[in-house]
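What follows is a set of notes on a single structure, which appears directly below.
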Amino acid sequence: MTSASPRLRFAPSPTGYLHVGGARTALFNWLYARKFGGAFLLRIEDTDRARSTDESTRAIFEGMRWLGLDWDEEVVHQGANLERHQTDARALLSAGAAYRCFCTAAELEERRKTAERGAFKYDRRCDRLAPDEAARRAAAGEPFTIRFRIPDGTTEWEDMVHERVAFPNKDLDDFVILRSDATPIYNLAVVSDDIAMRITLVMRGDDHISNTPKQILLYRALGQPVPQFAHLPMIHGTDGRKLSKRHGATAVGDYQHMGLVPEAMVNFLALLGWSPGGDREVLTRAELVELFSPAGLQKKAAIFDPQKLEWMNGQHLSLMPLAELEPYVTPAIVAAGLATPESLDRERERYLALLDLLRVRARTVDDVVRQARPYFPGALEYDEAAVAKHWKEREAAATLLQDVHAALAEAADWSAEALEPLLRELAERSGVASGKLFQPLRVALTGLTVSPGIFEVLVMMGRELALERIASAVSWLRGAGRR
RNA sequence: GCCCCCAUCGUCUAGUGGCCUAGGACAUCUGGUUCUCAGCCAGAAAACCGGGGUUCGAUUCCCCGUGGGGGUACCA
C-alpha cells in the first residue's frame, strides 16, 4: 500500500431527493478529501433500475451544488457498468468462489417461512450439485443466480471510527451476487465499482456495517486490495428513530426553500456526528476543512434538532460577508414582489445597508424578507397584535401620529442624530414617555412590533416613504381600521 | 430468534485514569438592556444507564446486565 492520496466517493441511489443523512455522509467524505488532499467522487448508484429516476439524479446534483460540495469526478451508471459486474461475477464463479443456485425466489420464500423463528440461512444445497449437473442445467436454459460462497473463519477490519469490528463468517449467508436476469446485487456492484474507481476509503452510514464483511470477502476473492472503512453514525429524528418523512423536512431542498443558507446547513450537519474538540461551534466551510479530523468522528447516532439548525442559520446570516448574503436574499425579495433585480442594483449600497440592518434579528432568509417589506413602496398590513397593543386608543394614536408627522415634515436634517432629539422633545411636550411614542410609530412605519431602532428605521426608510407611511396610518386609524 | 454497533444535561457535544465541585452550545426559566426583540448582557435549572471488577484513584480500562439502533432479500 503506497501513501498515494486518498480517493473517496459518495454513492447515493437516485430513488428520491438528497436526504439530510445522505448529505451529511457526502459532507464528511468531502471534508476528508479536501483536508487530506484526496479526490472526492460522486457516483450515482442506479443498480436498481426500476426505482431509479433521472429526476432524482438531478435533485442530487442540485443539492450537492447548493451545499457547495464540489466533486472531482462523476459517474452515472445508466447500466454502462453492467458488463463489468457480470464479468466479476463470472470470474468468481470460474475461480470457484461462487456457485450457481437454481433455487427459485418462490422456493426460497417458502423455506424462509417455515424456518424456525426467522433463523433462516441458505442451506447451500445448490453448492452440493455435481459440477457437470449444474453446467448441464444452466446450458439447458434453467434460470439460476450466482451465489458467493462464504469461507470459514472470521472477517474483521480496523474501522476508522469503530476501531476493530469482527464478524464470525458462520453468521454470514451465502449471498446472491448476480440475479437470474444477470443483473448484479448491490454488494457486488459497489465492490466492483469501488475497485474500478480505485477508492481507498469507503466512508458511509453505519447501517452498512453488516454489509462490510461480505464486501471484504468479495475484494479478497477478486484478488483486490481492501480499502479502508469508516462507518458514520446515523441521524435520528426527535423520537430517536431513523430520520424519515414523519419528522418533517428531510430533503436538503426543503431547507433551501425554508430560507436556510448552505453555510449553516453544512456547519450544522458537520457538527452532527463530529466535533473539532473544545467549544467551537459556528464555523465556515473553510474552517471546517481546516479543523476536520477523523478522530473527532462520533460513534453514537445523533438526533436532528431543527431549532439548533435555525439558530445556527441566524449566526451565519449575521456573520457572513454581506456580498455573500445578498445572492441568497435577492431572489426571495424579488419573489415577494418587493423589488426587481434591476431596482435593487440601482440602489445597491442602500440595499446592502438594509440587509445589514435587518439580518441581526433574522434566523432565516424569510425573516429578512418579512422585515424588509416596509422599506419598499407599497401598502402595509398592520400586525393584529401590534395594533391591539400599541394602537389601542385609536383616536389618541391618530392624533399622536399626526403630531409626529408634522414634526418630522419640518425636520431639516434627516439623520438619526437630528431625528432623535426632535422626537424626544415631541414626546415630552405631549406628556408621554418616549416608548409610548416610539412604539405606535414603529407600528405605523413597519406594521410590526419588532424592528431595528426607530431612528435607524426612519433613516433607512427615507423621508418621503416614512411620512407617507405615517399619513396612511393616521387615515387607517380614523377610517377603515375603525370597527 | 441470531449477528453487529452504540450509551455524558431534553438535544448537539467537551472530556482519552487524578486538572471534574463534569465544561460549552441549542432549547427552557429568571433578571437587565438609552425605544421594541426574535437582538445583546448576566444568571438559574439540567447529565456521566445499572452492577461487578482492575487500580492508591474511575465518566474515562475490562466483564455482565439493561436500554437504544442497525442488519438478517434474486432492496440499496
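In the numbering used here, the protein residues as written are 8 to 490. Just so you know, even glycine gets a beta-carbon here, dropped at the ideal spot from N, CA and C. In this text the structure is predicted, and so the values were computed from the model without any measurement.
So, are the CB atoms of residue i and residue j less than 8 Å apart?
{"i": "L185", "j": "Q93", "result": "yes"}
{"i": "L433", "j": "V411", "result": "yes"}
{"i": "V464", "j": "L452", "result": "yes"}
{"i": "Q322", "j": "P240", "result": "no"}
{"i": "L332", "j": "L365", "result": "no"}
{"i": "L15", "j": "F299", "result": "no"}
{"i": "T371", "j": "E317", "result": "yes"}
{"i": "L208", "j": "P384", "result": "no"}
{"i": "A277", "j": "P191", "result": "no"}
{"i": "Y106", "j": "R154", "result": "yes"}
{"i": "L407", "j": "P381", "result": "no"}
{"i": "W73", "j": "V367", "result": "no"}
{"i": "A339", "j": "G266", "result": "yes"}
{"i": "A413", "j": "L429", "result": "no"}
{"i": "I157", "j": "L49", "result": "no"}
{"i": "R485", "j": "A405", "result": "yes"}
{"i": "P175", "j": "T161", "result": "yes"}
{"i": "A309", "j": "H264", "result": "no"}
{"i": "D181", "j": "Y129", "result": "yes"}
{"i": "A11", "j": "A104", "result": "no"}
To the nearest angstrom, how far is it from the Cα of residue i to the Cα of residue j?
{"i": "L345", "j": "A369", "result": "18 Å"}
{"i": "V273", "j": "Y358", "result": "27 Å"}
{"i": "N218", "j": "T245", "result": "27 Å"}
{"i": "Y226", "j": "F151", "result": "23 Å"}
{"i": "E356", "j": "A416", "result": "25 Å"}
{"i": "A360", "j": "Q409", "result": "29 Å"}
{"i": "M8", "j": "R353", "result": "With a pLDDT of 46 at M8, under the threshold of 50, the modelled position of that residue is not reliable, and the figure given next carries that caveat. Rounded to the nearest angstrom, the two C-alpha atoms are 59 Å apart."}
{"i": "V83", "j": "P301", "result": "28 Å"}
{"i": "F311", "j": "Y335", "result": "24 Å"}
{"i": "M327", "j": "P220", "result": "45 Å"}
{"i": "I461", "j": "S482", "result": "21 Å"}
{"i": "A449", "j": "V394", "result": "The residue asked about is misnamed: residue 449 is Arg in this sequence, not Ala. Going by the C-alpha atoms only, they are around 11 Å apart."}
{"i": "K177", "j": "K249", "result": "29 Å"}
{"i": "M71", "j": "D420", "result": "50 Å"}
{"i": "L25", "j": "G247", "result": "21 Å"}
{"i": "A81", "j": "N88", "result": "Looking at the sequence shown, residue 81 is not Ala but Glu. Cα-Cα distance, rounded: 14 Å."}
{"i": "R118", "j": "P283", "result": "50 Å"}
{"i": "E349", "j": "A342", "result": "14 Å"}
{"i": "P234", "j": "L115", "result": "33 Å"}
{"i": "V198", "j": "D159", "result": "21 Å"}
{"i": "F35", "j": "A102", "result": "37 Å"}
{"i": "S59", "j": "V375", "result": "38 Å"}
{"i": "Q378", "j": "A392", "result": "16 Å"}
{"i": "L426", "j": "G469", "result": "12 Å"}
{"i": "V439", "j": "V457", "result": "21 Å"}
{"i": "A57", "j": "A189", "result": "15 Å"}
{"i": "L136", "j": "G148", "result": "17 Å"}
{"i": "C133", "j": "I202", "result": "29 Å"}
Using only CA atoms, which one of the options lies nearest to residue i?
{"i": "R205", "options": "Q231, E170 and D363", "result": "Q231"}
{"i": "V172", "options": "L276, A105 and F236", "result": "F236"}
{"i": "D200", "options": "A105, R91, E80 and M265", "result": "R91"}
{"i": "A113", "options": "R107, Y106 and T121", "result": "T121"}
{"i": "S492", "options": "W78, P138 and M467", "result": "Nothing can be reported for residue 492, as the shown portion of the chain is limited to 8 through 490."}
{"i": "A146", "options": "L224, D130, F109 and T161", "result": "F109"}
{"i": "G75", "options": "L136, P269 and R135", "result": "P269"}
{"i": "D261", "options": "A98, E435 and E69", "result": "E69"}
{"i": "R131", "options": "A57, L179 and V457", "result": "L179"}
{"i": "A141", "options": "I242, H243 and L100", "result": "L100"}
{"i": "S325", "options": "A271, G148, K307 and D139", "result": "A271"}
What I want to know is whether the C-beta of residue i ends up closer than 7 Å to one or more non-hydrogen atoms of the ligand NAP.
{"i": "N88", "result": "Looking at this structure, you won't find the ligand NAP or any other ligand, since it has none at all."}
Review point. Quick one: any contact between the region 251-258 and the region 293-308, if contact means 3 or more CB pairs under 8 Å?
Key: no
Check your understanding: For the 8 Å Cβ check, are there 3 or more pairs between the region 48-64 and the region 14-33?
Key -> yes
Check your understanding: Hey, is the region 42-49 in contact with the region 25-32, meaning 3+ C-beta pairs nearer than 8 Å?
Key -> no
Check your understanding: If you scan the region 322-367 from start to end, which runs of the alpha helix (DSSP H) of 4 or more residues do you find wholly inside it?
Key -> 329-342, 348-353 and 355-365
Review point. Touch check for the region 175-189 and the region 59-68: three-plus C-beta pairs under 8 Å?
Key: no
Exercise for review: Would you check if the region 207-221 and the region 152-169 touch, i.e. whether three or more CB-CB distances between them fall below 8 Å?
Suggested key: yes
Practice item. Determine, using beta-carbon pairs with one atom in the region 388-403 and one in the region 464-477, whether at least three such pairs fall under 8 Å. Key: no
Check your understanding: Whole alpha helix (DSSP H) runs in the region 168-246 with 4 or more residues, listed along the chain?
Key -> 193-203 and 219-228
Exercise for review: Kindly provide the ranges of any alpha helix (DSSP H) runs that are 4 or more residues long and lie completely inside the region 375-413, ordered along the chain.
Suggested key: 391-397
Review point. Which runs of the alpha helix (DSSP H) spanning at least 4 residues fall entirely within the region 118-161, listed in chain order?
Key: 138-146
Exercise for review: Can you check the region 71-100 for any beta strand (DSSP E) of at least 3 residues that lies completely inside it and give the ranges in chain order?
Suggested key: 80-83
Point to revise | alpha helix (DSSP H) runs contained entirely in the region 16-71, provided each spans 4 or more residues | key: 27-42
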